[in-house]
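When the letters of the sequence shown are read in order and numbered with the numbering used here, they come out as residues 119 to 430. We put the CB at the ideal spot given by N, CA and C, even for glycine.
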Amino acid sequence: MAESNSPQHILTMSSEQRQRFLESFDWVFSDIDGVIYNLESDVPDAGLAYSALERAGKRLTFVTNNSVRTLEQTVRRFERSKIQVTPEQIWHPAQTLVYYLRSIQFEGLIYIMASQQFKAVLKQAGFQLLEGPNQFIEETYADLARHIFDKQPVRAVVIDVDFNLTSAKLMRAHLYLRHPDCLLITGATDRLLPVGKGVNIIGPGAFASILVEASGRPPIVMGKPGRPLGDMLLQQNKITDPRRVLMIGDMLAQDVLFGRQLGFQTLLVLTGGCSLSQLRAVTDPDLLPDYYADSVVDLVQLLAESTPKAHG
C-alpha cells in the first residue's frame, strides 16, 4: 500500500515502489463509468490497461453502480473499448440484491422504484414486484390518497435509478416503511452522476436519502460502498485476503470508501467524478485513496516499466 497518508501518483513511484505495488495484489475490482467510458465518450486507450493487467496475471472483476444497462449491453459496450469480458465478470446492484435476498431467504412483496432492466433481474429470479403509481395524479389530496395509501403486504422497499420517479412514489414507499418488518434497500448511492466533463446530474442517492430521513431507517445498501456487495464479491471469488485486491474507481464516496471499508487497496483515476483539486481537498481518511492516476491508462506505462511477479 501507499507509504504515507497522502495518495501517491502511480507514475511518481520509484522502481522499487512500483515493483512492490504490482506484487501486492492479485485481483482488480474496477468501476466502469468514469473509468473506462463516460456518457459522451470513451476514456482513450482504457482497454490497453486491462489487457496489460491480464498479461501480468491479474484477475479482473468489474463492479458498477449502474444497473440501467443489462449485462449483455455492458459486454457489447466493452467491446467498443476493446475489452473482452464475460457477463460473469460484471456485478451491479440488481445482481447483488438477488444474492442478498436469497441469502436471507426473503419472501414477500417488493415495492420497487428502479429501471425496467433492474426489475427484470428480480423478476427473472422469481421475486414478486409492485410498482407505481405511473398515471397522472390530480392536484387534490383526495386523488393523491387514492394512489399512495395501500394495504398490500409489502415487505421490502427498493430504490435505484428511476427516470420516472415521482413524489407520489416516494410517499407510497414511505407509507410501506411504517411496517416494522419492511426493509429499506438502496441500489446505487451516487448523489451526483457525472455525465460529461464538468456536468453532473442528480443521482439516486439523493432521492434515497429522502426515504432514509423520512422513515428513520438505515438502508441496506446493494451498490458501492455497501458492505453486502463487498462480502458477496469476496465470497464469490473465494478471496481470503482483501489486502490483495486493488479497487480502481473515479468516485470518492462510492469507489474509494467501498475499497477502504473492505480492506482493499484503492486507486483513484481522474477521468470521471473527481478532479485533482477535489482530491487534494479531501480531509476524511476514509475517502482518501492509496494511489491516484490521471487515467487507468497510466497502468500501461507502469506495467511496461516493471516485471510483476505472481503472488505465491
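Taking 8 Å as the threshold (C-beta atoms), are Asp408 and Thr384 in contact? In the sequence shown, residue 384 corresponds to position 266, counting from 1. In the sequence shown, residue 408 corresponds to position 290, counting from 1. In contact: Thr384 and Asp408 (Cβ atoms closer than 8 Å).
Item checked: Secondary structure of Asp349, DSSP reduced to three states -> Within the sequence shown, numbered from 1, the residue matching residue 349 stands at position 231. DSSP places Asp349 in helix when its eight states are reduced to three.
Across which residues does DSSP place Ser441 in a beta bridge pair? No answer is possible for residue 441: the residues shown for the chain start at 119 and end at 430.
Problem - Proximity below 8 Å, CB of Val276 to CB of Ile319 - result: Numbered from 1 along the sequence shown, position 158 holds the residue referred to as residue 276. Numbered from 1 along the sequence shown, position 201 holds the residue referred to as residue 319. Taking 8 Å as the Cβ cut-off, Val276 and Ile319 do not qualify as a contacting pair.
Q. From Leu240 to Val216, what does the alpha carbon distance come to, in whole angstroms?
A. Stepping through the sequence shown from its first residue, residue 240 is reached at position 122. Stepping through the sequence shown from its first residue, residue 216 is reached at position 98. Their backbone Cα atoms lie some 6 Å apart in a straight line.
task: For Ala232, name the three-state secondary structure that DSSP assigns.
output: On the sequence shown, position 114 is the one that residue 232 refers to. Residue state, collapsed to three classes: coil.
- Task: Can you check DSSP and say which residues form a bridge with Ala212?
- Result: On the sequence shown, position 94 is the one that residue 212 refers to. Answer is none; Ala212 lacks a bridge partner.
query = Any idea what DSSP makes of Pro312, helix, strand or coil?
reply = Within the sequence shown, the letter at position 194 stands for residue 312. It is a strand residue.
Checklist line | Which listed residue (Ile266, Phe245 and Glu249) has its alpha carbon closest to that of Ile255 | finding: Your numbering for residue 255 matches position 137 in the sequence shown. Looking at the Cα atoms, Ile266 is the closest of the given residues.
Would you say Arg335 reaches chain C, if we count a Cβ-Cβ gap shorter than 8 Å as a contact? No chain C appears in the structure shown, which is made up of a single protein chain.
In terms of DSSP beta bridges, what is Tyr410 paired with?
The residue given as residue 410 occupies position 292 in the sequence shown. Per DSSP, His127 and Leu386.
**DSSP-derived helix/strand/coil call for Thr179** = Residue mapping note: residue 179 aligns to position 61 of the sequence shown, counting from 1. DSSP places Thr179 in strand when its eight states are reduced to three.
* Less than 8 Å between the CB atoms is what I'm expecting for Val161 and Ile154, so what's the real figure, rounded? => Within the sequence shown, the letter at position 43 stands for residue 161. Within the sequence shown, the letter at position 36 stands for residue 154. Your pair Val161 and Ile154 checks out as a contact, with CB atoms roughly 6 Å apart and the cut at 8 Å.
message = With a threshold of 8 Å, are at least 3 pairs of Cβ atoms found where one atom belongs to the stretch 157–171 and the other to the stretch 413–422?
response = The stretch 157–171 and the stretch 413–422 touch, with no fewer than 3 CB-CB distances between them shorter than 8 Å.
Taking Cβ to Cβ, would you say Gly390 is nearer than 8 Å to Asn156? Numbered from 1 along the sequence shown, position 272 holds the residue referred to as residue 390. Numbered from 1 along the sequence shown, position 38 holds the residue referred to as residue 156. By the CB criterion at 8 Å, Gly390 and Asn156 fall inside the cutoff.
Could you say if the stretch 191–202 and the stretch 285–292 meet the contact criterion of at least three C-beta pairs nearer than 8 Å? With a cut-off of 8 Å on Cβ pairs, the stretch 191–202 is not in contact with the stretch 285–292, counting fewer than three such pairs.
For this session: On a CA-only basis, which of Ala399, Leu364 and Leu405 is nearest Leu140? Give me that one, please.
Result: Counting from one through the sequence shown, the residue named residue 140 turns up at place 22. Nearest to Leu140 by alpha-carbon distance, out of Ala399, Leu364 and Leu405, is Leu364.
**Prompt:** Taking the alpha-carbon positions, what's the Arg195 to Glu257 distance?
**Reply:** Reading the sequence shown from its first residue, position 77 is the one you call residue 195. Reading the sequence shown from its first residue, position 139 is the one you call residue 257. Distance between Arg195 and Glu257, taken at the CA atoms: about 42 Å.
Going along the chain, which residues of its own chain have a beta-carbon closer than 8 Å to the beta-carbon of Ala286, five neighbours each way excluded?
Position 168 of the sequence shown, counted from the start, is the residue given in the question as residue 286. Pro251, Ile255, Leu262, His265 and Ile266, listed in sequence order.
Below 8 Å, how does it come out for the stretch 355–373 and the stretch 326–337: are there three or more Cβ pairs, yes or no?
No, the stretch 355–373 does not touch the stretch 326–337.
Let me confirm a value: Ile168 is counted as buried when at least 16 other C-beta atoms fall within 10 Å, else exposed. Which label applies?
What you label residue 168 is simply residue 50 of the sequence shown in a count that begins at 1. For the record, residue 168 in the displayed sequence is Tyr; it is not Ile. Under a 10 Å Cβ-count criterion, Tyr168 is classified as buried, with 16 or more other Cβ atoms of the shown protein chains found around its own Cβ.
For this session: Indicate the three-state DSSP secondary structure (helix, strand or coil) for Arg378 in the structure shown.
Result: As a first step, residue 378 is located in the sequence shown; it is residue number 260 there, counting from the start. Note: Arg378 maps to helix in three-state DSSP.
>> Suppose contacts are defined by Cβ-Cβ distances below 8 Å. Is Lys302 in contact with Leu329 by that definition?
In response: Numbered from 1 along the sequence shown, position 184 holds the residue referred to as residue 302. Numbered from 1 along the sequence shown, position 211 holds the residue referred to as residue 329. Correcting the residue identity first, residue 302 is Leu in this sequence and not Lys. Judged by beta-carbon spacing, Leu329 lies within the 8 Å limit of Leu302, meaning their Cβ atoms are closer than that value.
- Under 8 Å, do Ser185 and Asp278 count as touching if we go by C-beta distance? For the purposes of this step, residue 185 is taken as the residue at position 67 of the sequence shown. For the purposes of this step, residue 278 is taken as the residue at position 160 of the sequence shown. If you check the CB distance, Ser185 and Asp278 come in under 8 Å.
* To do: Leaving out five residues on either side along the sequence, give the residues of the same chain with a beta carbon under 6 Å from the beta carbon of Phe382.
  => The residue given as residue 382 occupies position 264 in the sequence shown. Correct list, in chain order: Pro360, Val363 and Met365.
Check the C-beta distance from Pro205 over to Leu219 and give it rounded, since I have them as a contact under 8 Å. Position 87 of the sequence shown, counted from the first residue, corresponds to residue 205. Position 101 of the sequence shown, counted from the first residue, corresponds to residue 219. Their Cβ separation, rounded to whole angstroms, is 20 Å, which puts Pro205 and Leu219 out of contact at 8 Å.
Check your understanding: Taking only runs of the alpha helix (DSSP H) that begin and end inside the stretch 275–315, which ones reach a length of at least 4 residues, in chain order?
Key -> Counting whole runs of 4 or more residues, the stretch 275–315 contains the alpha helix (DSSP H) stretches 285–294.
### Message
Could you pull the DSSP bridge partners for Gln246 from this structure?
### Response
Numbered from 1 along the sequence shown, position 128 holds the residue referred to as residue 246. According to DSSP, Gln246 shares a beta bridge with Leu227.
Self-check item: Closest residue to Glu225 among Pro211, Asp404, Leu247 and His210 (Cα-Cα distance)
Solution: Residue numbering aside, residue 225 sits at position 107 when the sequence shown is read from its first letter. Closest by C-alpha distance to Glu225, out of Pro211, Asp404, Leu247 and His210, is Leu247.
Tell me which same chain residues have a C-beta within less than 7 Å of the C-beta of Lys237, skipping the five on either side of it? For this step, residue 237 is matched to residue 119 along the sequence shown. Only Ile230 and Leu247 meet the Cβ criterion.
Same chain, Cβ closer than 6 Å to Val146, neighbours up to 5 away in sequence not counted: For the purposes of this step, residue 146 is taken as the residue at position 28 of the sequence shown. Taking Val146 as the centre and dropping the five residues before and after it, the same chain places the C-beta of Leu171, Lys176, Leu178 and Leu364 closer than 6 Å to its C-beta, in chain order.
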